[in-house]
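*Asks:*
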Amino acid sequence: MPTERYSIAVITLDEQMFREMRGALAPSFRATLADTESQIKTVIDDPDIHGIVLDLESIGDGAADGIEVLQEIRRLRDDVMMVAITASTSNELPIQASQAGADHFLLKPVDGTQFRTLLLETMEKRALQFEGRWLLEQVENRSAFCGLIGGSEAMRKVYQAIEAVAGSNASVVVRGESGVGKELVAQAIVQRGERHDKPYVCLNCSALPETLIESELFGHEKGAFTGADSAKPGLIELAHTGTLFLDEITTLNLGLQSKLLRALQERSVQRLGGRAAKKIDFRLITATNDDLEAEVKKGRFREDLFYRINVVPILVPPLRERRGDIPMLAEHFLRLYCTANKKPLKQLQPEIMGILEVYPWPGNVRELENVIQRLVIMSDGAVIAAHHLPQHLLSSSAASQEAILIPEGGVDFDAEMEKIEIAYLSAALRRTEGRKSAAAALLHIDPQRMKYLCRKLKL
Numbered sequence: 151m152p153t154e155r156y157s158i159a160v161i162t163l164d165e166q167m168f169r170e171m172r173g174a175l176a177p178s179f180r181a182t183l184a185d186t187e188s189q190i191k192t193v194i195d196d197p198d199i200h201g202i203v204l205d206l207e208s209i210g211d212g213a214a215d216g217i218e219v220l221q222e223i224r225r226l227r228d229d230v231m232m233v234a235i236t237a238s239t240s241n242e243l244p245i246q247a248s249q250a251g252a253d254h255f256l257l258k259p260v261d262g263t264q265f266r267t268l269l270l271e272t273m274e275k276r277a278l279q280f281e282g283r284w285l286l287e288q289v290e291n292r293s294a295f296c297g298l299i300g301g302s303e304a305m306r307k308v309y310q311a312i313e314a315v316a317g318s319n320a321s322v323v324v325r326g327e328s329g330v331g332k333e334l335v336a337q338a339i340v341q342r343g344e345r346h347d348k349p350y351v352c353l354n355c356s357a358l359p360e361t362l363i364e365s366e367l368f369g370h371e372k373g374a375f376t377g378a379d380s381a382k383p384g385l386i387e388l389a390h391t392g393t394l395f396l397d398e399i400t401t402l403n404l405g406l407q408s409k410l411l412r413a414l415q416e417r418s419v420q421r422l423g424g425r426a427a428k429k430i431d432f433r434l435i436t437a438t439n440d441d442l443e444a445e446v447k448k449g450r451f452r453e454d455l456f457y458r459i460n461v462v463p464i465l466v467p468p469l470r471e472r473r474g475d476i477p478m479l480a481e482h483f484l485r486l487y488c489t490a491n492k493k494p495l496k497q498l499q500p501e502i503m504g505i506l507e508v509y510p511w512p513g514n515v516r517e518l519e520n521v522i523q524r525l526v527i528m529s530d531g532a533v534i535a536a537h538h539l540p541q542h543l544l545s546s547s548a549a550s551q552e553a554i555l556i557p558e559g560g561v562d563f564d565a566e567m568e569k570i571e572i573a574y575l576s577a578a579l580r581r582t583e584g585r586k587s588a589a590a591a592l593l594h595i596d597p598q599r600m601k602y603l604c605r606k607l608k609l
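With positions in the sequence shown counted from 1, the corresponding number in this note's numbering is that position plus 150.
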C-alpha cells in the first residue's frame with residue numbers, strides 16, 4: 151500500500167469536515183487539524199508541513215478575516231501549497247484568495263476524490279518547481295563569484311584576475327563596455343582583499359559637474375569658496391585605510407587628473423583652501439568604457455596617470471562574448487524581480503531563451519536586467535511568452551535567423567538538406583541503438599526508405 155508522502159494542515163472549526171478530508175486524503179497525505187491560534191502558529195512554523203488548507207469562515211468574523219490570515223501565512227511560508235475553502239458564493243472571493251497567495255479556491259462541500267487528486271497534482275508540480283529552483287541555485291553557487299554571475303570561460307578569467315589582485319594594494323583599472331558590471335568587479339576585489347572591512351568609497355566622475363568634483367574628491371576648508379560654510383573632508387580622505395573607486399575616470403579634466411596623480415604619488419591630499427597636506431592610506435580602483443590608450447594619444451588623458459592607474463587592468467567581456475551565461479542571468483533576474491514585486495515565480499518559454507541568446511545586447515547585462523524586469527512587471531500570467539518581448543528583440547531575432555539561413559554568399563541547398571538528413575537519421579539511430587526499423591518508426595518514414603537513405607548517406 152502507498153505510504154504517506156505529504157503532510158497537510160487543515161485550519162478549520164468544522165471537525166466533521168476535517169474527518170471526511172482526512173479519510174479522503176489517506177494514505178497519500180497525513181492530515182493534521184489546527185483549530186486554535188497556538189496550533190495554527192505551530193503548523194506555520196513546522197518545516198515538515200507541505201500544504202495548508204484554510205477554511206475562510208473559521209477565522210475571525212468571516213471570509214474577509216480569513217483572506218487576511220491567508221495573506222499573512224503566504225508571507226511567512228512561500229514554500230507551502232495553500233488551498234482556500236469557503237461556503238461563500240461571493241464573486242470577489244476567488245480573486246481575493248488568489249491575490250492573497252492561494253494555489254486553489256474551492257467551495258463547500260468539497261468532493262474528497264477530486265480534492266485528493268487536485269492536491270497530489272499540485273504537490274508534485276510544486277516539488278518539481280522547488281527541485282528545479284534548488285538545482286538552479288546550486289548551478290548559480292558554482293558559477294557565481296562575489297555577486298558576479300557566469301560560468302563561461304571569459305568570466306572565469308575575470309574571477310581568476312580578481313583573486314590574483316585582491317590581496318595586493320596595486321591600482322586596478324576595470325575596463326569594459328557600459329553595462330558589463332565593472333562596479334561589481336570592483337566590489338569583488340574589495341570583498342576578497344584585506345581591506346574588505348574598511349571604508350569603500352565610490353564616485354561616478356561623470357555624474358557631477360566639474361565645479362563640484364574637485365571639492366568632492368579633495369574636500370575643502372571653511373570659507374574656501376562661496377557657500378563653504380564648514381570644513382568638509384573629500385572622498386579620498388574618507389577612503390583612508392580603505393578603497394576609493396572612481397568610475398568613468400576619463401571624464402576628469404586634465405587639471406583634476408594632475409591633482410589625482412599627485413595624491414597617488416605622495417599618498418596625501420590637501421583640501422581646497424587648506425595649507426597642510428594630510429597623509430592618506432588608500433587603494434585606488436578605477437573603471438572606464440573608453441579606450442584609454444586612444445585617450446592618451448589624443449591628449450585627453452595624462453600619460454603619467456595612465457601608467458599609475460593601469461598597473462593591473464581587468465577586462466570584463468561584453469555579454470555577446472559570453473552567451474552561455476545568458477540563461478543563468480535571465481533566471482537570476484527573473485527570480486530577483488518576481489520576489490521584489492511580490493509576484494509568484496514566473497517561467498520563460500524555451501523559445502524566449504533562444505531569442506535572448508541571439509540578440510547582441512549592446513547594453514550588456516544591464517540591458518538584459520531591464521528587459522527581464524519589464525517582462526516581470528508587464529506580463530500577468532505565470533508563463534512569459536515570446537510575444538511579451540520588446541519588439542526590437544523580436545526583430546533582431548528574425549534578422550539573425552535570416553542571416554544564418556541565407557548568408558550573403560548564398561548556400562548550396564542540396565548540401566544543406568543532406569546535412570539535415572544526416573543529423574536526423576544519426577540521432578534516430580543513436581536513440582534506437584542502431585535498429586533501422588525502430589529509427590524509421592521514430593521518424594515516421596517507411597522502413598524501406600530508411601534503408602535507402604542509410605545506404606545513400608553511408609550511415
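Positions of the beta carbon are idealized from the N, C-alpha and C atoms, including for glycine.
So A159 is in the beta strand (DSSP E); what residue range does that whole segment cover?
*Replies:* Looking at the DSSP string, the run of the beta strand (DSSP E) that includes A159 is 156-161.
*Asks:* If you drop the 5 nearest sequence neighbours on each side, which residues of the same chain put their C-beta closer than 6 Å to that of A535?
*Replies:* For A535, where only same-chain residues beyond five positions count, the Cβ hits under 6 Å are Q499.
*Asks:* Opposite N403 in the DSSP bridges: which residues?
*Replies:* N403 is not bridged to any residue.
*Asks:* Would you check if the distance between the CB atom of E471 and the CB atom of A304 is smaller than 8 Å?
*Replies:* Cβ distance < 8 Å, so E471 and A304 count as in contact.
*Asks:* Report the rounded CA-to-CA distance for T263 versus H594, giving the unit in angstroms.
*Replies:* Approximately 40 Å between the Cα atoms of the pair.
*Asks:* Measuring CB to CB, does F395 end up less than 8 Å from A480?
*Replies:* No; because the gap between Cβ atoms is not below 8 Å, this pair is not in contact.
*Asks:* Give every residue of the same chain whose Cβ lies closer than 6 Å to the Cβ of G392, excluding the five residues on either side of it in the sequence, and list them in chain order.
*Replies:* So the qualifying residues of the chain are R345, K348, P349, Y350.
*Asks:* To the nearest angstrom, how far is the alpha carbon of D397 from that of M528?
*Replies:* Cα to Cα, the separation comes out at about 32 Å.
*Asks:* Which one or two residues does DSSP pair with L204 in a beta bridge?
*Replies:* Per DSSP, I161, A234.
*Asks:* Buried or exposed for M567, please, with buried defined as at least 16 other CB atoms from any protein chain shown within 10 angstroms of its CB.
*Replies:* The residue is exposed, with fewer than 16 neighbouring Cβ atoms inside 10 Å.
*Asks:* What number of angstroms, rounded off, separates the C-alpha of N241 from the C-alpha of L257?
*Replies:* Looking at the two C-alpha atoms, the distance is approximately 12 Å.
*Asks:* Could you tell me the distance, in whole angstroms, from the CA atom of I502 to the CA atom of V521?
*Replies:* Their backbone Cα atoms lie some 12 Å apart in a straight line.
*Asks:* Can you name, in chain order, every residue of its own chain whose Cβ lies under 6 Å from the Cβ of S321, other than the five neighbours on each side?
*Replies:* Closer than 6 Å at the Cβ level, and outside the excluded window around S321, lie L434, I459, V461.
*Asks:* Taking 8 Å as the threshold, find out whether the region 218-237 comes into contact with the region 175-189 through three or more Cβ pairs.
*Replies:* Cβ pair count under 8 Å is below three, so no.
*Asks:* Say the cut is 7 Å; is the CB of T192 nearer than that to a heavy atom of the ligand GDP?
*Replies:* Of the ligands one can find in the structure shown there are none, so the ligand GDP has no counterpart to examine.
*Asks:* What does N460 pair with, by DSSP beta-bridge criteria?
*Replies:* Bridge partners of N460: none, in fact.
*Asks:* With H, G and I counted as helix, E and B as strand and the rest as coil, what does DSSP make of M151?
*Replies:* Reliability of the predicted coordinates at M151 is poor, the pLDDT of 38 falling under 50, and no value is obtained from them.
*Asks:* At what residues does the beta strand (DSSP E) containing Y350 begin and finish?
*Replies:* Counting along the chain, the beta strand (DSSP E) containing Y350 begins and ends at 350-354.
*Asks:* State yes or no: is the C-beta of H122 within less than 8 Å of the C-beta of L243?
*Replies:* This structure does not reach residue 122, given that the chain is present from 151 up to 609, and the question cannot be answered.
*Asks:* Starting from R524, trace the alpha helix (DSSP H) in both directions and tell me its first and last residue.
*Replies:* 514-528 is the span of the alpha helix (DSSP H), which, as asked, contains R524.
*Asks:* Going by Cα to Cα distance, which pick from A234, K307, F368 is closest to A247?
*Replies:* Residue A234 is the option with its Cα nearest to A247.
*Asks:* Could you tell me the alpha carbon to alpha carbon distance between G326 and L442, rounded to whole angstroms?
*Replies:* About 11 Å.
*Asks:* Kindly indicate which three-state DSSP category Q541 falls into: helix, strand or coil?
*Replies:* The answer is helix: DSSP assigns Q541 an H, G or I state.
*Asks:* Drop a sphere of 10 angstroms on the beta-carbon of L298, count the other beta-carbons inside from all chains shown, and report buried for 16 or more, exposed for fewer.
*Replies:* It counts as buried.
*Asks:* Measure the Cβ-Cβ separation of T582 and L575 and say whether it is below 8 Å.
*Replies:* Not in contact: T582 and L575 (Cβ atoms no closer than 8 Å).
*Asks:* Mind checking L506: buried by the 16 CB within 10 Å criterion, or exposed?
*Replies:* Buried, by the Cβ-count rule.
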